[in-house]
Amino acid sequence: MQNSEQEHQRKLLLAKDGEPGSGSTRYAAAMFFYQANMMSAELLEIYRRCSKFDAEDPIDVAKYEGIDVSEFALGFI
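The opening residue of the sequence shown carries number 1 in full-length UniProt numbering; numbering runs sequentially from there.
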């Protein structure tokens, strides 16, 4: 079950690609889920690298690099 903070962070994590500041917003939300042990360090690193590029989809990048996102994605995306 998700609490209201998790739901809020999930919405931030899913910020629309291309919106100004969305990369940084997604990274901040990713930090929340990492700190809660709900995201791997490898996936967090993808969000960090994508944080400066609002048009980049971190999940697409992770898949391209062979990082398994299935467990994470099942709960959030």
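Yeah, the Cβ is synthetic: ideal placement off N, Cα and C, and Gly gets one too. In this text the structure is predicted, and so the values were computed from the model without any measurement.
Residue 35 and residue 72 have their C-alpha atoms spaced approximately 14 Å apart. For residue 39, the three-state secondary structure derived from DSSP is coil. DSSP places residue 59 inside the alpha helix (DSSP H), whose first and last residues are 58-64. Less than 8 Å divides the Cβ of residue 18 from the Cβ of residue 55.
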